[in-house]
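Participant:
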Amino acid sequence: MPYGPHTDADRERMLATIGVATVDELFADIPVAVREGGLALGPGEPEQLLMPALERLSARNDVGRVSFLGAGAYRHHIPAAVDEIIRRGEFMTAYTPYQPEVSQGTLQTIYEYQSLIAELTTMDVVSASHYDGASAAAEAALMMLRATRRERILVSEGVHPNVREVIATYFADRFALETVAVGEDGATDLTALQRALTDGDPVAGVMLANPNFFGILEPMADAASRAHEAGALFTAVVEPTSLMLLAPPGEVGADIATAEGQPLGMPLQFGGPYLGILAATQTLARQIPGRLVGSARDAEGRPCYVMTMRAREQDIRREKAASNICTNQALCALAATVYVSTVGPEGLRNVAAQGAERARELEAALATTGVLRTHTGPYLNEFAVDVPDAARVHADLLRRGFVAGLQLGPAIDDERFRDSLLLCTTEMTTSDDVTTFAAAVAATLAEVAA
Amino acid sequence: MTREGELEPTIFDLSERGRGGENVAPAGSDVLTAIPAGYRRRRPAALPELSEPQVVRHFTRLSQLNYSIDTGFYPLGSCTMKYNPKLNEHAARLPGFARLHPFAPEQAAQGTLQMLHELEQILCEISGFHAATLQPAAGAHGELTAMLMIRAYHRDRGDEGRTEVIVPDSAHGTNPATASMVGFTTITIPSAEDGSVDLAALRGALGPRTAAVMLTNPSTYGLFERAIVELLAATHAAGALAYMDGANLNAIMGRFKPGQAGFDAMHFNLHKTFSTPHGGGGPGAGPVAVGERLAPYLPTPRVLAEAAGYRFERPGERPTAIGRMSGFHGNAGILLRAYAYIRTHGGPGLQEVTDDAVLAANYLKARLGHAFDIPFDRPCMHEFVASAASIKRESGIRALDIAKALLDHGFHPPTIYFPLSVEEGMLIEPTETESIETIDAFADALLAIAAESHEDPDVVKRAPVTTPVRRIDETEAARKPQLRWQPELTNSKG
Chain A
1 MPYGPHTDAD
11 RERMLATIGV
21 ATVDELFADI
31 PVAVREGGLA
41 LGPGEPEQLL
51 MPALERLSAR
61 NDVGRVSFLG
71 AGAYRHHIPA
81 AVDEIIRRGE
91 FMTAYTPYQP
101 EVSQGTLQTI
111 YEYQSLIAEL
121 TTMDVVSASH
131 YDGASAAAEA
141 ALMMLRATRR
151 ERILVSEGVH
161 PNVREVIATY
171 FADRFALETV
181 AVGEDGATDL
191 TALQRALTDG
201 DPVAGVMLAN
211 PNFFGILEPM
221 ADAASRAHEA
231 GALFTAVVEP
241 TSLMLLAPPG
251 EVGADIATAE
261 GQPLGMPLQF
271 GGPYLGILAA
281 TQTLARQIPG
291 RLVGSARDAE
301 GRPCYVMTMR
311 AREQDIRREK
321 AASNICTNQA
331 LCALAATVYV
341 STVGPEGLRN
351 VAAQGAERAR
361 ELEAALATTG
371 VLRTHTGPYL
381 NEFAVDVPDA
391 ARVHADLLRR
401 GFVAGLQLGP
411 AIDDERFRDS
421 LLLCTTEMTT
431 SDDVTTFAAA
441 VAATLAEVAA
Chain B
451 MTREGELEPT
461 IFDLSERGRG
471 GENVAPAGSD
481 VLTAIPAGYR
491 RRRPAALPEL
501 SEPQVVRHFT
511 RLSQLNYSID
521 TGFYPLGSCT
531 MKYNPKLNEH
541 AARLPGFARL
551 HPFAPEQAAQ
561 GTLQMLHELE
571 QILCEISGFH
581 AATLQPAAGA
591 HGELTAMLMI
601 RAYHRDRGDE
611 GRTEVIVPDS
621 AHGTNPATAS
631 MVGFTTITIP
641 SAEDGSVDLA
651 ALRGALGPRT
661 AAVMLTNPST
671 YGLFERAIVE
681 LLAATHAAGA
691 LAYMDGANLN
701 AIMGRFKPGQ
711 AGFDAMHFNL
721 HKTFSTPHGG
731 GGPGAGPVAV
741 GERLAPYLPT
751 PRVLAEAAGY
761 RFERPGERPT
771 AIGRMSGFHG
781 NAGILLRAYA
791 YIRTHGGPGL
801 QEVTDDAVLA
811 ANYLKARLGH
821 AFDIPFDRPC
831 MHEFVASAAS
841 IKRESGIRAL
851 DIAKALLDHG
861 FHPPTIYFPL
871 SVEEGMLIEP
881 TETESIETID
891 AFADALLAIA
901 AESHEDPDVV
911 KRAPVTTPVR
921 RIDETEAARK
931 PQLRWQPELT
941 NSKG
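Residue numbers (our numbering), protein chains in the order written: chain A, 1 to 450; chain B, 451 to 944.
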């Protein structure tokens, strides 16, 4: 066995101490009728052979193209220090800090994570993390139902379609989940929101994303105050790097904030592991699901940290728990903490600003080829454009070495956006990428028109 | 130092205005002009400002306050804290895997899609099931996925009166919490004297309202359910489905296949059985495998293998699906590590993992002799329950004290006070990657603590004394929770 330490003599000694002749005897409790005799899997592969095999498999993925993909997962620079820290065995191979005396490293980093995210989002209480942005949003929706004892949630069409789908899966038709459309400008239609808030059953909560799925900036403060007037709560779904520039959830009056934390130091890795950020106001602190770390004192009065407010959790409250969540994404939360600490406020602001700058260069360059934005509203670093025959244009640009963002039509199964491409830039996009892409778009369009 | 006695200042206390941030290039223009005034942030975020060397030193020092598998024995029952191979970390960081966008065109993602498809098939072979989803991000997330599928199954059949889930009292807390999240009512049944699920109690609780029975096998006592055939038959006879909590899969690979035996669904904890690092509490992965009855309800999108290559299901392609459980495709980076682990071992290697894990647990149990109560004295699987009930009666020393004393011996304690139904219980899981020398040293430490509990209980009650901090007042911390750093909490810099 690859990582097993036992010699044959060790095994013999163990069997003798136990008082059995063979290991098989230890499995005597398994009824004969359901006893199995092995696994139909191949032999083990030694590291020497497996490593190159995995390298070949990795090479079957093509990550060499210039990409304008965003849509909820973003390519950012990750300082080398981040991976060096999270790879330390002391962090990576520890478990949930059940024994705080020997877990102060994990506990303090979670406390620092909670503090950093509280500062970034301007919220009071931050959970020690959730699986990803989508599950954090689903937990936020459930929190709004619990806190108001109402059974109806309004979610903007501008919330990522995958996130909306996860919420719907969690709800499983037990609660009403209604979508509020976005208008021509790409922002949530506030008139439609008002109508939904006024008509029908009382609304527990409203959820908007900023920037939204289409990259458009939303009237968050306005939507939040309308929700509050109707006695509903408001959840802001945000993108963490944008918060250095855009009004954070606390400033717009949100009761809950959620985010996909991946942009804070996690590689794309095909969608996970990422980081579910969930934060709330003090009023909702005891409704928040998941682990929380607080500062404490030990028997000698020494300052330290410990998991706290545990009475909300599944291992104590069982069927009455706030959620079934057990683990968090501690190592991803650590990555975010090291990332934010390493780039600092200036660096984080520059990350957001460079992305926004490249996006404006991209908009201008594409306009010269006749490709215009789908929506009219303000954006930060992501926007949709209309092209003739998006499927063909996307495929042709792929051959030319570019991933022309996300084809909206097939991705969200919506005919209205059949010929829209959602494009994103970050600090990793160079001005040269923008220029060469625009030239390739011009060439592709000429071919499509011909 | 900003707080008297602090082990390491917070990252905020180390901050000084104007430090750091040079690792990101400056933006060329004032981008704020592009953002309408009402949409801008008003109060700047007071994030810490440090040089990179300061950051690295801070987190390295913090790491040294942790206990971990890489530094010592971690026999935390129910958590399978085995060695986490370095090869798997290497694999996850290969650029083709690490840099792949979740919306990458399928033709550019064939390597990962192949890995996902093969992993699904491998998990089905190990568990004896028909199909699997890799989306759930953790065991509890897998439980939720399965319960949603079971609910959809009954509703599809018009069997909407099934609103109860039966759970033994020894179950993980996630089981009843999951049932509640899906709107089911939990019916808890007591264990029998020998630690098994009480078949008569189960029969009594089963009925037309039962949607599912959630069983952990081997149980959280580390015992294989000897009446598993009868338990499954009774469940199905009542029209309910049987769910297996797969937390203890490390005990049965190659020896028992839940799907073959008749379970309808189970979750895996890849961070337990398949050695992906626990990361201080996550990320993990909790795939769910199912039999044919539940396969139509698996979350969407699944990976399909076709002549032209691998692809995802299209939206709406399988309308019976419960929907999506993950923002993208689950924790692909974790799935990859488990895939590498499984390939390293192969079929024979995985069975050896199981055999050695069970051998180690029985050996450790035998080494403890009569120093502790062993509530269920028959061969255990990969873990076993010991109890300090007699020690407590005789000396006042509790399982908690023993756990803290173990810290002074350089060991991470077992899981304590779980399962809840065992008085002063300690759930001990040595795993297959620990040498006999380590297991012996741990047994010796437990025996020494048991002896000391009788001879000098005050020493045990004072433990730990060698750890970075002493015992912590958790009640006080919870009474006035302080959940974030605030400037007024610290004295001014000295």
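We treat Cβ as the ideally placed atom computed from N, Cα and C, and that holds for glycine.
Note that this is a predicted model, so its numbers are computed, not measured.
Check whether chain B comes within 7 Å of residue 471/A, counting only Cβ atoms and requiring the distance to be less than that.
Facilitator: The structure shown does not extend to residue 471/A, since chain A is modelled only from 1 through 450, so no value can be given for it.
Participant: Would DSSP call residue 606/B helix, strand or coil?
Facilitator: The count along the second sequence starts at 1 and reaches residue 606/B at position 156. Helix.
Participant: To the nearest whole angstrom, what separates the beta carbons of residue 424/A and residue 382/A, a pair I think is in contact under 8 Å?
Facilitator: Residue numbering aside, residue 424/A sits at position 424 when the first sequence is read from its first letter. Residue numbering aside, residue 382/A sits at position 382 when the first sequence is read from its first letter. Residue 424/A to residue 382/A, Cβ: 4 Å. Contact.
Participant: Express the C-alpha separation of residue 152/A and residue 175/A in angstroms, rounding to a whole number.
Facilitator: Here residue 175/A refers to the residue found at position 175 of the first sequence. Here residue 152/A refers to the residue found at position 152 of the first sequence. If I take the Cα positions, the gap works out to 6 Å.
Participant: Would residue 316/A be called buried (16 or more neighbouring beta carbons within 10 Å of its own) or exposed?
Facilitator: Counting from one through the first sequence, the residue named residue 316/A turns up at place 316. When all chains shown are included, residue 316/A counts as exposed.
Participant: Let me know the secondary structure DSSP gives residue 888/B once reduced to three states.
Facilitator: In the second sequence, counting from the first residue as 1, residue 888/B sits at position 438. Helix, per DSSP.
Participant: Using a Cβ-Cβ cut-off of 8 Å (strictly less than) and excluding sequence neighbours within five positions of residue 818/B, which residues of its own chain qualify?
Facilitator: If you number the second sequence from 1, residue 818/B lands on position 368. Excluding positions up to five away in sequence, the list reads 824, 836, 893, 896 and 897.
Participant: Measure the alpha-carbon distance for residue 519/B versus residue 165/A and round it to whole angstroms.
Facilitator: On the second sequence, residue 519/B is found 69 positions in, with the first residue counted as 1. On the first sequence, residue 165/A is found 165 positions in, with the first residue counted as 1. If I take the Cα positions, the gap works out to 38 Å.
Participant: Shorter than 7 Å from the beta carbon of residue 332/A to some beta carbon of chain B?
Facilitator: As a working mapping, residue 332/A is identified with position 332 in the first sequence. Chain B contact via Cβ: present.
Participant: Rounded to the nearest angstrom, what separates residue 538/B and residue 785/B at their Cα positions?
Facilitator: In the second sequence, counting from the first residue as 1, residue 538/B sits at position 88. In the second sequence, counting from the first residue as 1, residue 785/B sits at position 335. Answer to the nearest angstrom: the Cα atoms are 10 Å apart.
Participant: Taking the Cβ atom as the reference point for each residue, do residue 403/A and residue 385/A lie within a distance shorter than 7 Å?
Facilitator: Translated into the one-based positions of the first sequence, residue 403/A becomes position 403. Translated into the one-based positions of the first sequence, residue 385/A becomes position 385. Taking 7 Å as the Cβ cut-off, residue 403/A and residue 385/A do not qualify as a contacting pair.
Participant: Shorter than 6 Å, the distance from the beta carbon of residue 636/B to the closest heavy atom of the ligand NAD, or not?
Facilitator: Inclusion of the ligand NAD in the displayed structure is not the case, the ligand content being empty and no account of it being possible.
Participant: At 3 residues or longer, and completely inside the segment 198-268 of chain A: list those beta strand (DSSP E) runs for me, N to C.
Facilitator: 205-210, 233-238 and 256-260
Participant: Closer than 8 Å by C-beta to residue 658/B: which residues in its own chain qualify, once you throw out the five before and the five after it? Chain order, please.
Facilitator: If you number the second sequence from 1, residue 658/B lands on position 208. Exclusion of the five residues before and after residue 658/B leaves 611, 612, 688 and 689 as the residues of its chain whose Cβ lies within less than 8 Å of its Cβ.
Participant: Taking residue 237/A as the reference, which of 291/A, 19/A and 138/A has the closest Cα?
Facilitator: Taking the first sequence and counting its residues from 1, the one referred to as residue 237/A is at position 237. For residue 237/A, the closest alpha carbon among the candidates 291/A, 19/A and 138/A is that of 138/A.
Participant: Using 10 angstroms around the beta-carbon of residue 592/B, count the other beta-carbons present and answer buried if the total reaches 16, otherwise exposed.
Facilitator: The count along the second sequence starts at 1 and reaches residue 592/B at position 142. Its Cβ being crowded by 16 or more others within 10 Å, residue 592/B is buried.
Participant: What does DSSP give as the partner residues of residue 424/A in its beta bridges?
Facilitator: In the first sequence, the residue the question calls residue 424/A occupies position 424. DSSP, once it has assigned bridges, lists 382/A as partnering residue 424/A.
Participant: Show which residues of chain B have a CB atom less than 8 Å away from the CB atom of residue 418/A.
Facilitator: Taking the first residue of the first sequence as position 1, residue 418/A is located at position 418. Within chain B, no residue comes near residue 418/A; the closest Cβ sits about 13 Å away, beyond 8 Å.
Participant: Rounded C-beta distance between residue 840/B and residue 903/B? I'm assuming under 8 Å.
Facilitator: The residue you call residue 840/B lines up with position 390 of the second sequence. The residue you call residue 903/B lines up with position 453 of the second sequence. Not a contact, Cβ separation roughly 10 Å.
Participant: Just how far apart, CA to CA, sit residue 307/A and residue 129/A?
Facilitator: Here residue 307/A corresponds to residue number 307 of the first sequence, with the count starting at 1. Here residue 129/A corresponds to residue number 129 of the first sequence, with the count starting at 1. Looking at the two C-alpha atoms, the distance is approximately 13 Å.
Participant: Looking only at C-alpha atoms, which of 295/A, 225/A and 181/A sits nearest to residue 214/A?
Facilitator: Within the first sequence, the letter at position 214 stands for residue 214/A. Here the closest residue by C-alpha is 181/A.
Participant: Using the rule of at least 16 other Cβ atoms within 10 Å of the residue's Cβ for burial, across every protein chain shown, is residue 49/A buried or exposed?
Facilitator: By one-based count along the first sequence, residue 49/A stands at place 49. So residue 49/A ends up on the exposed side.
Participant: With three or more beta-carbon pairs closer than 8 Å as the criterion, would you say the segment 797-808 of chain B touches the segment 776-783 of chain B?
Facilitator: no
Participant: On the CB-based measure, 16 or more other CB atoms within 10 Å of its CB, does residue 943/B come out buried or exposed?
Facilitator: As a first step, residue 943/B is located in the second sequence; it is residue number 493 there, counting from the start. In this prediction, residue 943/B scores a pLDDT of 37, lower than 50, which makes its location untrustworthy; the coordinate-derived value is nonetheless stated afterwards. By the neighbour-count rule (16 or more Cβ atoms within 10 Å), residue 943/B is not buried but exposed.
Participant: What separation, rounded to the nearest whole angstrom, lies between the Cα atoms of residue 755/B and residue 567/B?
Facilitator: As a first step, residue 755/B must be located in the second sequence, where it is residue number 305. As a first step, residue 567/B must be located in the second sequence, where it is residue number 117. So the two alpha carbons sit approximately 7 Å from each other.
Participant: Under 7 Å, Cβ to Cβ, is there at least one residue of chain B near residue 351/A?
Facilitator: As a working mapping, residue 351/A is identified with position 351 in the first sequence. For residue 351/A, the answer is yes, since a Cβ of chain B falls inside 7 Å of its Cβ.
Participant: Does any CB atom of chain A fall closer than 7 Å to the CB of residue 517/B?
Facilitator: Translated into positions along the second sequence, residue 517/B becomes position 67. At least one chain A Cβ lies under 7 Å of residue 517/B.
Participant: Tell me the DSSP secondary structure of residue 529/B in three-state form.
Facilitator: In the second sequence, residue 529/B corresponds to position 79, counting from 1. Coil.
Participant: Could you list which residues in chain B have their beta carbon closer than 8 Å to that of residue 277/A, in chain order?
Facilitator: Translated into positions along the first sequence, residue 277/A becomes position 277. Ordered by position in chain B, no residue passes the 8 Å Cβ test against residue 277/A, which lies about 12 Å from the chain.
Participant: Using C-beta distances below 7 Å, list every residue in its chain close to residue 927/B, excluding the 5 sequence neighbours before and after it, in chain order.
Facilitator: Within the second sequence, the letter at position 477 stands for residue 927/B. Counting only Cβ-Cβ distances below 7 Å, and skipping sequence neighbours, we find nothing.
Participant: Run down chain B in chain order and give the residues with a C-beta less than 7 Å from the C-beta of residue 18/A.
Facilitator: On the first sequence, residue 18/A is found 18 positions in, with the first residue counted as 1. In chain order: 812, 813 and 816.
Participant: By the three-class DSSP mapping on this structure, what secondary structure does residue 86/A have?
Facilitator: For the purposes of this step, residue 86/A is taken as the residue at position 86 of the first sequence. Residue 86/A: helix per DSSP, three-state reduction.
Participant: If residue 948/B sits next to residue 749/B, beta carbons under 8 Å apart, how far is it from one beta carbon to the other, in whole angstroms?
Facilitator: The structure shown does not extend to residue 948/B, since chain B is modelled only from 451 through 944, so no value can be given for it.
Participant: Report yes or no: is there a C-beta of chain A within less than 7 Å of the C-beta of residue 460/B?
Facilitator: Residue 460/B sits at position 10 when you count from the first residue of the second sequence. With a threshold of 7 Å between beta carbons, residue 460/B makes contact with chain A.
Participant: Using DSSP bridges, identify the partner residues of residue 407/A.
Facilitator: On the first sequence, position 407 is the one that residue 407/A refers to. For residue 407/A, which the question treats as bridged, DSSP gives the partners 421/A.
Participant: Between the C-alpha atoms of residue 633/B and residue 136/A, what's the straight-line distance to the nearest angstrom?
Facilitator: On the second sequence, residue 633/B is found 183 positions in, with the first residue counted as 1. On the first sequence, residue 136/A is found 136 positions in, with the first residue counted as 1. Straight-line Cα distance between these residues: approximately 19 Å.
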